[in-house]
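Asks:
Number of protein chains: 4
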Amino acid sequence: MGADHAERVAHRVSGARLVAVSDADAARAGDLAARFPGVRAVTDPLALVADDDVDAVVVASPGAAHEEQVLACLEAGKHVLCEKPLTMDGESSLRVVRAERAAGRPLVQLGFMRRFDPEYARLKAVLDSGRLGRMLLLHNTHRNKSVPDTFRSEMIVRDSLVHEVDVARFLFGEEITEVTVYSPAPTSAAAEGVVDPQVSVFRMQGGAVVTNEVFVTNQVGYEVRCEAVCERGSAMAGRPWADLYTTVAADDGEGLWGGGVPADFLGRFARAYDLELQAWADASRRGEVVGPTTWDGYAATVVCEAGMRSLTTGEPASVTLVDPGPAS
Amino acid sequence: MGADHAERVAHRVSGARLVAVSDADAARAGDLAARFPGVRAVTDPLALVADDDVDAVVVASPGAAHEEQVLACLEAGKHVLCEKPLTMDGESSLRVVRAERAAGRPLVQLGFMRRFDPEYARLKAVLDSGRLGRMLLLHNTHRNKSVPDTFRSEMIVRDSLVHEVDVARFLFGEEITEVTVYSPAPTSAAAEGVVDPQVSVFRMQGGAVVTNEVFVTNQVGYEVRCEAVCERGSAMAGRPWADLYTTVAADDGEGLWGGGVPADFLGRFARAYDLELQAWADASRRGEVVGPTTWDGYAATVVCEAGMRSLTTGEPASVTLVDPGPAS
Amino acid sequence: MGADHAERVAHRVSGARLVAVSDADAARAGDLAARFPGVRAVTDPLALVADDDVDAVVVASPGAAHEEQVLACLEAGKHVLCEKPLTMDGESSLRVVRAERAAGRPLVQLGFMRRFDPEYARLKAVLDSGRLGRMLLLHNTHRNKSVPDTFRSEMIVRDSLVHEVDVARFLFGEEITEVTVYSPAPTSAAAEGVVDPQVSVFRMQGGAVVTNEVFVTNQVGYEVRCEAVCERGSAMAGRPWADLYTTVAADDGEGLWGGGVPADFLGRFARAYDLELQAWADASRRGEVVGPTTWDGYAATVVCEAGMRSLTTGEPASVTLVDPGPAS
Amino acid sequence: MGADHAERVAHRVSGARLVAVSDADAARAGDLAARFPGVRAVTDPLALVADDDVDAVVVASPGAAHEEQVLACLEAGKHVLCEKPLTMDGESSLRVVRAERAAGRPLVQLGFMRRFDPEYARLKAVLDSGRLGRMLLLHNTHRNKSVPDTFRSEMIVRDSLVHEVDVARFLFGEEITEVTVYSPAPTSAAAEGVVDPQVSVFRMQGGAVVTNEVFVTNQVGYEVRCEAVCERGSAMAGRPWADLYTTVAADDGEGLWGGGVPADFLGRFARAYDLELQAWADASRRGEVVGPTTWDGYAATVVCEAGMRSLTTGEPASVTLVDPGPAS
């Protein structure tokens with residue numbers, strides 16, 4: 193993911209220049225830097241943050257390193273795009289929120305890239321237009337072809353469901369108050385002991401209900417879709433059949449219509465990442481922050497903590513957010 | 193619904209002849225009969241059942257009258273197509289199941305017409321083919337434009353959700369063991385005190401999970417859809433966009449693509465009703481029963497009773513089916 | 193096709209009874225009749241027409257036999273559903289038109305079943321509603337998986353394009369005045385010397401233009417589609433993707449979305465045939481004729497003759513229809 | 193269009209810097225430049241070309257000015273992205289082709305942006321993969337909501353059909369040899385004397401046939417679509433229904449499914465323009481040219497000249513391309 197972001201900054205973002213890349217593994221850092229003439233490789237991320245040539249930082253390290261790195265950026269007064277999750281638990285996320293508030297001006301954009309996907313953005317605009325009336329329900333579908341063997345049940349909540357958490361909060365513009373995670377009989381393609389797929393239900397502050405399907409070993413491909421159900425209509429983003437359409441004679445003589453499912457999120461959300469990075473670069477140069485904030489990162493982390501509790505107990509888990517609340 | 197069935201038997205079913213129609217309201221019975229030359233009107237449904245010219249009976253009376261009428265048919269040894277629900281509660285439904293078993297041969301087809309819809313039937317065939325692997329999840333969507341003011345929250349379970357109950361049992365080929373009904377903040381179009389839309393979750397015997405959205409005042413039209421999620425793929429029936437497609441210049445100058453949503457289930461399931469009645473007439477002449485049975489009617493009633501309990505308590509409600517079990 | 197119609201009359205048409213079937217091959221006639229208890233087999237079609245038990249006749253013999261058989265029906269005053277083509281050339285078709293006029297009352301329905309397809313019928317209704325303004329263009333697509341080796345270039349005009357001829361005349365409600373047939377480099381799946389696919393252009397009486405693709409060895413399946421382009425919008429019938437939708441993991445590990453293309457027209461137009469036969473039976477019992485007429489059959493034959501001339505010369509060929517003009 | 197390109201170069205292209213803008217109207221040039229800090233405004237385009245700070249030039253002036261400006265760029269050895277048409281007639285286009293050849297290295301990219309649209313590019317890749325077999329037919333659809341009153345029949349060929357000319361040449365990888373333009377009875381929304389819509393047919397060098405619909409006052413919106421028909425399948429790009437999907441209760445109480453048709457090409461091809469400019473900037477910095485060439489511009493101009501002849505005569509017009517042929 194870090195290499196992908198480096199590529200974007202170097203070659204696809206207008207008004208940005210890649211200065212340095214950091215990886216604890218010096219060889220990997222060097223290999224990556226070598227792809228971009230004049231770019232430095234460092235092994236100490238804090239040295240990169242401190243570098244006077246660096247105006248803004250993309251944090252794409254493992255989640256456990258985020259708190260220290262983001263705090264360093266805040267200290268240095270540098271803009272930062274932090275990949276989700278903000279940190280690994282609510283308490284540390286809250287510390288980051290408070291540190292940013294204390295610093296006196298917003299500097300952090302959270303990497304919930306779907307908000308920049310044109311179709312999700314159009315969906316948000318349609319909902320906000322009021323044309324369909326108040327949103328009553330939201331149905332999210334999130335499927336991956338496969339995951340590494342190390343992917344455990346709770347990571348399906350923390351690393352996958354977290355995107356649906358942000359989508360629900362983004363589209364409703366309000367907080368999630370309760371999460372229930374159901375554990376269906378798993379697919380035979382899931383690793384031993386892993387609950388996959390998972391179905392979960394959110395209750396929103398205003399009383400709306402959200403259903404989520406997360407299925408990370410569907411063997412087919414990456415499918416992300418949502419349907420918002422409103423008082424006078426519904427809207428759907430991410431239909432997989434909205435792509436190059438073919439008919440073809442299959443090898444067994446049958447005729448098929450349809451197309452290919454993207455293998456992963458990089459294909460599906462390539463445009464969203466482009467727009468996310470460009471918006472971040474543009475805003476950073478203006479000294480502003482756009483898109484999701486540390487508060488969004490904190491809230492998502494707390495909701496996922498509730499989700500992991502519910503996964504264990506099978507019972508609904510309530511979500512409690514501590515002040516200071518979203519930035520005005 | 194009765195008039196609609198009479199019309200079908202008279203004009204669209206091969207090998208069937210409409211002999212008599214019954215309505216407690218003599219004028220209504222007479223008006224209906226008058227549309228079909230030579231057809232008798234009666235006010236006593238049991239007289240109709242007893243009529244020697246009558247070989248088979250369609251029961252489309254209010255649910256409260258079903259038990260007596262179906263039992264009369266069983267007594268008379270006549271084939272019967274009974275509209276859902278079989279009866280108003282599990283206990284009386286069980287009596288009908290047992291009466292039919294006692295009679296020694298099956299005579300009753302339940303009116304779950306969706307099983308005869310070509311697309312649902314194709315979906316069932318795809319699932320049974322094993323091509324997609326085992327079914328893990330099912331997502332049902334059931335929307336109506338509007339309902340009479342007398343439609344209460346529990347009728348959304350008993351009269352609408354009941355179709356999803358049958359779809360789940362039909363597609364999985366197993367029983368539902370638990371129902372949870374969520375009560376989202378209702379649409380402003382719902383009558384005072386009515387919980388609409390409703391989201392519910394079923395647990396299946398084999399561990400699969402089913403989500404259901406039922407929304408009876410969506411103001412748009414009739415939309416019935418389901419998506420089956422399997423180990424190696426998914427399948428969707430009832431996509432509303434699978435119909436005559438138009439682009440059109442709207443009055444406000446905007447250009448639109450799309451089509452019309454059917455106003456009600458008669459339009460959506462016209463073909464399913466045709467096929468259901470034809471299959472019933474054909475089977476009855478062969479002395480057989482096809483399609484859903486009294487056991488399916490009983491099981492659906494018991495699941496809906498659990499759903500109504502969950503609607504009241506907000507808690508999961510378990511489903512307990514009493515022997516004798518489905519007919520072999 | 194004849195066996196298929198017999199099956200429909202026997203088992204799926206309300207108010208009709210199959211009395212006799214005819215085939216010059218006595219064994220084939222006998223085998224077919226044996227499938228229907230009490231149905232007679234005859235080898236002389238004119239004996240069948242003359243049979244007092246026969247009220248109405250379906251003519252599904254080879255086109256060369258149509259004139260004699262339809263004229264016999266007219267003579268006998270019996271209703272007839274004649275499969276397309278009406279006859280093999282314009283002159284003989286005109287004789288049939290005139291014979292029916294002379295007989296004083298319409299008795300013949302032509303077998304252009306697409307007019308009974310619900311989607312084509314809805315398209316016609318949308319066009320007639322005026323909502324989209326005047327129709328300016330029509331684009332027809334007609335693809336078959338394969339054809340017998342005996343199928344020649346001119347049969348693509350006479351047996352396949354003829355359906356598009358009727359669709360154009362039906363939807364516009366006016367005559368075709370000129371036909372140009374283009375001969376693209378053929379597919380390697382076409383038999384030696386056969387021009388397939390073919391593209392053709394019609395000019396309509398009112399100045400509109402129609403494009404047609406006919407491709408009878410597409411190796412994929414049966415696809416029939418049309419798009420009407422109007423002053424304020426467009427409408428499309430027959431989109432192949434409007435069917436059961438699946439995603440599936442293909443054997444090579446790729447993920448696919450889509451569905452199956454029907455193998456032939458019997459699958460695609462099963463419902464149209466049902467409705468056609470039912471409408472014909474109903475109208476015949478009322479002593480009426482509905483749907484396409486002998487005039488439609490005659491006009492289609494003359495247009496196809498022009499098409500076959502154009503196929504040979506590569507030049508536009510004009511269409512000249514002779515009185516008596518359409519029946520009032 | 194020029195302003196749009198300036199905006200892209202300034203804000204969305206990585207590795208490019210906007211230096212100067214040119215417009216014969218000094219006020220307009222100044223207003224545009226004022227939107228970009230540090231950008232100069234000039235009224236003499238040749239001065240801009242000669243400017244030492246300028247490495248590469250986007251020519252988006254009226255077509256009549258292209259020849260002089262592109263030749264100046266060639267003289268100055270500067271890379272140029274030239275909007276279509278290359279020039280106003282075949283002869284002058286050929287002069288530009290020859291001048292570029294004479295200069296010894298390619299410098300010109302033609303502005304046929306559709307080649308950069310992801311869906312057209314995917315279509316090209318599918319065709320080139322051979323999976324569908326040889327392409328036999330291509331059907332192009334090109335609709336605009338409206339055009340200025342000054343838009344004449346021949347401009348529909350030169351400014352609209354020209355895109356389909358390039359698509360056909362691009363997808364087939366071969367030349368067009370004959371064009372026939374049909375003149376249907378025009379829409380009532382067309383200006384007096386303007387033939388709109390137009391249907392045209394291309395013959396390709398290898399014998400394939402292409403149908404085109406161009407309709408510039410469809411009152412609905414921008415719809416660009418094509419379907420490639422191959423030996424073992426077909427592929428379609430640009431389906432308008434492949435976008436955010438909604439259902440909605442219309443004001444008259446009807447329920448609709450569908451979405452909005454983009455109002456113009458800027459919306460539809462925004463991504464294609466982004467990718468085109470980025471590819472051009474990247475290639476220019478490497479001293480290379482990617483995408484369509486002056487030969488493509490010349491060939492398209494000659495095909496459109498044939499189209500304009502056919503529009504006048506109603507007869508097929510053949511296309512004669514003069515050496516030197518496409519660059520190797």
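Taken in sequence, the protein lines are chains A, B, C and D.
Heads up, the first sequence is in my numbering, so the first residue is 193 and it goes up one at a time.
Heads up, the second sequence is in my numbering, so the first residue is 193 and it goes up one at a time.
Heads up, the third sequence is in my numbering, so the first residue is 193 and it goes up one at a time.
Heads up, the fourth sequence is in my numbering, so the first residue is 193 and it goes up one at a time.
From the three backbone atoms N, C-alpha and C, an ideal C-beta is built for every residue, glycine too.
This structure is a prediction, so every number in the text was calculated from the model and none was measured.
1. Under a three-way DSSP split, which group does D:Met193 fall into?
2. For D:Ala268 and D:Gly479, what's the separation of their Cα atoms in angstroms?
3. Counting only the same chain and skipping the five closest in sequence on each side, list residues whose C-beta sits under 8 angstroms from that of B:Glu367.
4. Report the start-end ranges of each alpha helix (DSSP H) in the region 296-325 of chain B that is 4 residues or longer and not cut off at the edges.
5. Out of curiosity, what's the CA-to-CA distance linking B:Gly461 and B:Arg306?
6. Answer with buried or exposed for B:Ser345, where buried requires no fewer than 16 other C-beta atoms within 10 angstroms of its C-beta.
7. Should C:Asp236 and C:Leu224 be called a contact, given that it needs their Cβ atoms to be closer than 8 angstroms?
8. Listing by chain order, which chain D residues have their CB less than 7 angstroms from the CB of B:Lys337?
9. Using 10 angstroms around the beta-carbon of A:Glu468, count the other beta-carbons present and answer buried if the total reaches 16, otherwise exposed.
10. Here's a check: name, in chain order, each residue in its chain whose Cβ is nearer than 7 angstroms to the Cβ of A:Val166, leaving out the five neighbours to either side.
11. Can you list, in chain order, the residues of its chain with a C-beta nearer than 7 angstroms to that of D:Arg424? Leave out the 5 residues immediately preceding and following it.
12. Should D:Ala221 go down as buried or exposed, given a rule of 16 or more other Cβ atoms within 10 Å for buried?
13. Helix, strand or coil for D:Val339, going by three-state DSSP, please let me know.
14. Report the three-state DSSP secondary structure of C:Gln411 (helix, strand or coil).
15. Out of A:Arg335, A:Val288, A:Leu302 and A:Val231, state which residue places its alpha-carbon closest to the alpha-carbon of A:Asp607.
16. Are the C-beta of D:Leu328 and some C-beta of chain B separated by less than 8 angstroms?
17. Based on Cα-Cα distance, which residue from A:Val300, A:Ala264, A:Pro310 and A:Lys270 lies nearest to A:Asp245?
18. Relative to the C-alpha of B:His203, which candidate in B:Gly451, B:Pro229 and B:Ala219 has its C-alpha closest?
19. List the whole-angstrom C-beta distance separating B:Ala233 from B:Val213, where the pair is believed to meet the contact cut-off of C-beta under 8 angstroms.
20. Could you name the residues of the region 378-408 of chain B whose beta carbon sits closer than 7 angstroms to any beta carbon of chain A, in the order they occur along the chain?
21. Applying a beta-carbon distance threshold of less than 7 angstroms, which residues of chain B neighbour A:Pro376?
22. At a Cβ threshold of 8 angstroms, is D:Val412 touching chain C?
23. Kindly list, in the order they appear in chain D, the residues whose Cβ is closer than 8 angstroms to that of B:Gly452.
24. Examine chain C for any beta-carbon lying closer than 8 angstroms to the beta-carbon of D:Gly425, and answer yes or no.
25. Taking the CB atoms as reference points, tell me whether D:Leu363 and D:Asn404 lie closer together than 8 angstroms.
26. Drop a sphere of 10 angstroms on the beta-carbon of D:Gly489, count the other beta-carbons inside from all chains shown, and report buried for 16 or more, exposed for fewer.
27. Would a check of beta-carbon distances place B:Arg323 closer than 8 angstroms to chain C?
28. On the premise that B:Leu329 lies in contact with A:Val391, defined as a C-beta separation below 8 angstroms, what is that separation, rounded to the nearest angstrom?
29. Could you tell me whether the region 491-506 of chain A touches the region 271-282 of chain A, using the rule of 3 or more Cβ pairs below 8 angstroms?
30. Please state whether DSSP places B:Leu210 in a helix, a strand or coil.
31. Going along chain D, which residues have a C-beta under 8 angstroms from A:Met305?
32. Tell me, to the nearest whole angstrom, how far the beta carbon of A:Glu292 is from that of A:Thr486; I am working on the premise that it is less than 8 angstroms.
33. Run down chain C in chain order and give the residues with a C-beta less than 7 angstroms from the C-beta of B:Met428.
34. Please name the residues in the region 493-515 of chain C whose beta-carbon is closer than 8 angstroms to at least one beta-carbon of chain D, in chain order.
35. Using a 10 Å radius around the Cβ and a threshold of 16 neighbouring Cβ atoms, would you call D:Leu458 buried or exposed?
36. Which residue from A:Val300, A:Asp443, A:Leu210 and A:Pro376 puts its Cα closest to that of B:Gly399?
Replies: The relevant details are as follows:
1. Residue numbering aside, residue 193 of chain D sits at position 1 when the fourth sequence is read from its first letter. Residue state, collapsed to three classes: coil.
2. Residue numbering aside, residue 268 of chain D sits at position 76 when the fourth sequence is read from its first letter. Residue numbering aside, residue 479 of chain D sits at position 287 when the fourth sequence is read from its first letter. Take the alpha-carbon of D:Ala268 and the one of D:Gly479: they are about 14 angstroms apart.
3. Taking the second sequence and counting its residues from 1, one reaches residue 367 of chain B at position 175. Cβ neighbours of B:Glu367 beyond the five flanking positions: Arg361, Met396, Gln397, Ala491, Val511 and Leu513.
4. 310-321
5. The residue you call residue 461 of chain B lines up with position 269 of the second sequence. The residue you call residue 306 of chain B lines up with position 114 of the second sequence. Going by the sequence as given, residue 461 of chain B is Phe instead of Gly. Roughly 7 angstroms between the two C-alpha positions.
6. Start at 1 with the first residue of the second sequence, and residue 345 of chain B comes out as number 153. By the 10 Å Cβ count, B:Ser345 comes out buried.
7. Taking the third sequence and counting its residues from 1, one reaches residue 236 of chain C at position 44. Taking the third sequence and counting its residues from 1, one reaches residue 224 of chain C at position 32. No. Outside cutoff.
8. Position 145 of the second sequence, counted from the start, is the residue given in the question as residue 337 of chain B. Gly447, listed in chain order.
9. What you label residue 468 of chain A is simply residue 276 of the first sequence in a count that begins at 1. By the 10 Å Cβ count, A:Glu468 comes out buried.
10. The question about residue 166 of chain A has no answer here: the residues shown for chain A are numbered 193 through 520.
11. As a position in the fourth sequence, residue 424 of chain D is number 232, starting the count at 1. Result list for D:Arg424: Leu324 and Gly325, in chain order.
12. Looking up residue 221 of chain D in the fourth sequence gives position 29. Its Cβ being crowded by 16 or more others within 10 Å, D:Ala221 is buried.
13. Here residue 339 of chain D refers to the residue found at position 147 when the fourth sequence is read from its first residue. In this structure, D:Val339 counts as coil in the three-state DSSP scheme.
14. Here residue 411 of chain C corresponds to residue number 219 of the third sequence, with the count starting at 1. If DSSP states are grouped into helix, strand and coil, C:Gln411 belongs with coil.
15. Residue numbering for chain A in the displayed model covers 193 to 520; residue 607 of chain A lies beyond these limits and cannot be assessed.
16. Residue mapping note: residue 328 of chain D aligns to position 136 of the fourth sequence, counting from 1. No, D:Leu328 lies away from the interface with chain B (no Cβ there is under 8 angstroms from its Cβ).
17. As a position in the first sequence, residue 245 of chain A is number 53, starting the count at 1. The shortest Cα separation from A:Asp245 among A:Val300, A:Ala264, A:Pro310 and A:Lys270 belongs to A:Lys270.
18. Locating residue 203 of chain B in the second sequence gives position 11, counting from the first residue. Checked all of B:Gly451, B:Pro229 and B:Ala219; the closest Cα to B:His203 is B:Pro229.
19. The sequence position of residue 233 of chain B within the second sequence is 41, counting from 1. The sequence position of residue 213 of chain B within the second sequence is 21, counting from 1. At roughly 6 angstroms, the Cβ-Cβ gap stays under 8 angstroms, so B:Ala233 and B:Val213 are in contact.
20. Near chain A, meaning a CB-to-CB distance below 7 angstroms, the residues of the region 378-408 of chain B are Thr379, Ser380, Ala381, Pro389, Val391, Val393, Gly398, Gly399, Ala400, Val401, Thr403, Glu405 and Phe407.
21. On the first sequence, residue 376 of chain A is found 184 positions in, with the first residue counted as 1. Simply Leu328, Leu329, Gly399, Ala400 and Val401.
22. One-based indexing of the fourth sequence puts residue 412 of chain D at position 220. Yes, its Cβ sits closer than 8 angstroms to a Cβ of chain C.
23. By one-based count along the second sequence, residue 452 of chain B stands at place 260. Chain D residues near B:Gly452: Glu446, Gly447, Leu448 and Trp449.
24. Residue 425 of chain D sits at position 233 when you count from the first residue of the fourth sequence. Closer than 8 angstroms to some Cβ of chain C, the Cβ of D:Gly425 qualifies, so yes.
25. One-based indexing of the fourth sequence puts residue 363 of chain D at position 171. One-based indexing of the fourth sequence puts residue 404 of chain D at position 212. Their beta carbons are not under 8 angstroms apart, which means D:Leu363 does not touch D:Asn404 by this criterion.
26. Counting from one through the fourth sequence, the residue named residue 489 of chain D turns up at place 297. Label assigned to D:Gly489: buried.
27. Translated into the one-based positions of the second sequence, residue 323 of chain B becomes position 131. Chain C, which has a Cβ nearer than 8 angstroms to the Cβ of B:Arg323, makes this yes.
28. Working through the first sequence from its first residue, we reach residue 391 of chain A at position 199. Working through the second sequence from its first residue, we reach residue 329 of chain B at position 137. Rounded, the Cβ-Cβ distance is 7 angstroms, consistent with contact.
29. Contact between the region 491-506 of chain A and the region 271-282 of chain A is present, because at least three Cβ pairs lie under 8 angstroms.
30. Residue numbering aside, residue 210 of chain B sits at position 18 when the second sequence is read from its first letter. When secondary structure is reduced to three states using DSSP, B:Leu210 falls in the coil class, being assigned neither helix nor strand.
31. Position 113 of the first sequence holds residue 305 of chain A. The contacting residues do not exist; A:Met305 stays about 16 angstroms from chain D at best.
32. Within the first sequence, the letter at position 100 stands for residue 292 of chain A. Within the first sequence, the letter at position 294 stands for residue 486 of chain A. The beta carbons of A:Glu292 and A:Thr486 sit about 5 angstroms from each other, so the pair counts as a contact at 8 angstroms.
33. Here residue 428 of chain B is taken as the residue at index 236 of the second sequence, counted from 1. Ordered by position in chain C, the residues that pass the 7 angstroms Cβ test against B:Met428 are Tyr437.
34. none
35. On the fourth sequence, residue 458 of chain D is found 266 positions in, with the first residue counted as 1. It is exposed - the Cβ of D:Leu458 has fewer than 16 other Cβ atoms within 10 Å.
36. Position 207 of the second sequence, counting from 1, holds the residue named residue 399 of chain B. The shortest C-alpha separation from B:Gly399 is found at A:Pro376.
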